[in-house]
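Here the protein sequences line up with chains A and B, keeping their order. When you number the first sequence by the working numbering, it's gap-free, plus one each residue, and the end is 336. When you number the second sequence by the working numbering, it's gap-free, plus one each residue, and the end is 1268. Beta carbons are placed, not taken as given, at the ideal position from N, Cα and C, and that holds for glycine.
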Amino acid sequence: MVELKGVHKRFGPVRAVEGLDLRLREGEFFTLLGPSGCGKTTTLRLVAGFEAPDRGEVLIGGEVVNPLPPERRPIGMVFQHYALFPNMTVFGNVAFPLRLRRLPEGEVRRRVGELLEMVHLVGLEGRYPKELSGGQQQRVALARALAREPKVLLLDEPLSALDARIREELRGELKRLQGETGLTTLYVTHDQEEALALSDRIAVMREGRLEQLGTPKEVYEEPATAFVAGFVGSGVLVPGEAREGLFHRGRAWPVRVRGEGRGYLLLRPERLRLDQGGFLEGRVVLATYLGSLVRLEVEAEGLFLKVDLPPEGVPAPGERVRLALPPEAPFVPEGG
Amino acid sequence: MRGERFLLVPGLLFMALFFAYPLASILERSLATPGGLSLERYLRALAAPSYLEAWRNSLVFAGLSTLAAAAGGLFLAYWTAMLPLRPKRFLLSLYAIPASLSGLVVAFGFIVLLGRNGVVNQLLGAWGLPRFDLYSWVGLFVVFPLYNIPLFALALMPLMESVGRSLMEAARASGATPLRAWTGVLLPALMPGILAGSSIVFAGMMGAFGTALALTGFAKNLLSLQIYSLVAESTFDLPLASTLAVLLMASTGVGLYLLALWERRFRH
């Protein structure tokens, strides 16, 4: 549905996107994930038509759109800071794309009504953006983006300006809406939790390049590189070696790994347990209460490992504990 | 809390001394006659064709120049707002210069550029094209807007920076051509800033005389020049100058009030 072929883009000396190849499937929720400056927003803007690639092609619906300005591309876009038209009401904002298409006023009314129903804003037609909460404003922006009946919906960190509770609520709405409309969606975020919760597939980007492409489960459970392992989810990378199916760090650890050679074992906090007969012995350094769980930091064999535990009967800092390792864990080869 | 009121005292004193007192004394002078306070001078000023013409010229000239400066400043502000941070900061510091220069310096700058032997006219002459007359109404109408464009752009900048790019992009992503995005979205959204910038420029141009004086002497009939001549020339007449000054301030005030009323309509 959307395709990038060998796309390059630089801004002066900065290489924002370097040789990117991507292909979104019809109806897919596709997320570009990465830290700021990784090129994810530039990629989105290349698809939207706000930036032109130095090299390579951008295709939407099988058509090369390189020469087309944004208004002639079949896109709908939602911006981080809503970008609602301040001089227009909610109705006017959502009607704007429809009126540009010169639809008869009755048709405009009907469509706006439908769209506002979809985003649960019926009754607020006459309000101005200033009179709405952040969450409501972003719903208007979403309705406006959908009004164009785009082939692809582009979302540029649409939840990052909202506070936590609204963010989670709107995240659910977004997922539901995308499912209902079946609209191919390109989503940009730096928030790995958001990416995992929403996406069919995630492209992790770093310094203008694709670091890994996969389902949320793949990216989380089988990170291809140390960067992905560190960026998605939390966990500690233990340097060592994979040999004959086991991880070695001085001696063989009872952890099955795939691969061979030097690299890192990824130990996620939820996969470690306290156990009298555990393989590693260590000392609790820090216990952080997080509500639904307590995160321990345990020093063992020169490593600082993180362990998530239910909040009852947690050992105090200074106590000695033994840690049981998971039977198998992700292994990231060195240089990846 | 009550103590905080005393913090206002220096400000109020300053305003009283340097604003209210001179204003009151101008007003008093304009009304004082040997037989007590009277509107006699106002009637005389409004009955004199040359003062009426000066008044009308000033209003029309300042109004048209404001329009021109607004049009130019709008695009300058948009273009500047789209630049990366470093060149933008540099340019914005440059934009402050014309407004802070004396009107005379501005005039001499334009004489070098557009005067009879200025760079532009030498080029025009070399190409056999008609020369540009800086010392005419057209000349004034080029110079005044030109040096007010950066000032207008500066006044509009905060609003332009906060909404310019994002609204333009939102409109285009909604299917609007650049022209539709400007007329349908950007201009209405920027209107409060446009009117605020226009107020600053209009007030400045109503009172400006240094540049006009340097370029055209007293040949062009502007209210500010009439006042200047009554204060500084052989026609010295302080009470009449005060009367014209009050008229100038009042008409500027009315202009600004109308702009403010208009601006309120755009505050949603």
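I'd like to know if residue i contacts chain A, where contact means its C-beta is closer than 8 Å to some C-beta of that chain.
i	result
R1172/B	yes
G1175/B	yes
V1185/B	yes
A1189/B	yes
Residues of chain A with CB closer than 8 Å to the CB of residue i, please, in chain order.
i	result
F1266/B	N87
Could one say the Cβ of residue i lies closer than 8 Å to chain B's Cβ atoms, at least one of them?
i	result
F96/A	yes
I60/A	no
F69/A	Position check: residue 69/A holds Pro in this sequence, whereas Phe was assumed. Chain B, which has a Cβ nearer than 8 Å to the Cβ of P69/A, makes this yes.
A83/A	yes
List the residues of chain B that residue i touches, going by C-beta distances under 9 Å, in chain order.
i	result
F79/A	S1166, E1169, A1170, A1173
A16/A	Ordered by position in chain B, no residue passes the 9 Å Cβ test against A16/A, which lies about 13 Å from the chain.
G76/A	A1173, S1174
A226/A	The premise fails here: A226/A is roughly 33 Å from chain B at the closest Cβ pair, so nothing lies under 9 Å.
Anything in chain B within Cβ reach of residue i, meaning under 8 Å, just list it in chain order.
i	result
L100/A	S1174, G1175, A1176, R1180
What is the C-beta distance between residue i and residue j, in whole angstroms, given that I count them as a contact (C-beta under 8 Å)?
i	j	result
T31/A	S199/A	4 Å
V47/A	L142/A	Going by Cβ atoms, the distance from V47/A to L142/A rounds to 18 Å, so no, they are not a contact pair.
H81/A	A161/A	6 Å
G56/A	L4/A	7 Å
G255/A	L325/A	Sequence check: residue 255/A is Val here, not Gly. Their Cβ separation, rounded to whole angstroms, is 5 Å, which keeps V255/A and L325/A in contact under 8 Å.
A1181/B	L1256/B	So it is not a contact: roughly 30 Å between Cβ atoms.
V1201/B	F1236/B	Contact flag wrong, Cβ pair sits at about 31 Å.
A1176/B	G1184/B	6 Å
G49/A	L68/A	6 Å
Y1095/B	P1150/B	4 Å
L1167/B	L1186/B	6 Å
L265/A	V257/A	7 Å
L98/A	A147/A	6 Å
Between the segment 144-165 of chain A and chain B, which residues of the former have a C-beta closer than 7 Å to a C-beta of the latter? R144, R148
Output, in sequence order along the chain, the residues in the segment 39-55 of chain A whose CB is closer than 7 Å to any CB in chain B. A48, F50
Where in the segment 1050-1136 of chain B do unbroken runs of the alpha helix (DSSP H), each at least 4 residues long, occur, reported from the N-terminal end onward? 1085-1100, 1103-1114, 1119-1126
Using a beta-carbon distance cut-off of less than 8 Å, what residues from the segment 245-278 of chain A approach chain B? none
Let me know the beta strand (DSSP E) ranges lying completely inside the segment 216-263 of chain A, each 3 residues or longer, listed in chain order. 236-243, 246-249, 251-256
Only counting runs of 4 or more residues, tell me where the alpha helix (DSSP H) segments fall wholly within the segment 33-119 of chain A, in order along the chain. You should have 40-48, 90-100, 105-118.
Sequence ranges, beta strand (DSSP E) only - wholly within the segment 283-334 of chain A, length at least 3: 294-300, 303-309, 320-324, 331-333
What beta strand (DSSP E) runs, 3 residues minimum, are completely inside the segment 121-169 of chain A? 152-156
If we require 4 or more residues per run, which alpha helix (DSSP H) segments fall completely within the segment 1002-1029 of chain B? Restricting attention to alpha helix (DSSP H) runs no shorter than 4 residues, the segment 1002-1029 of chain B encloses them at 1008-1015, ordered along the chain.
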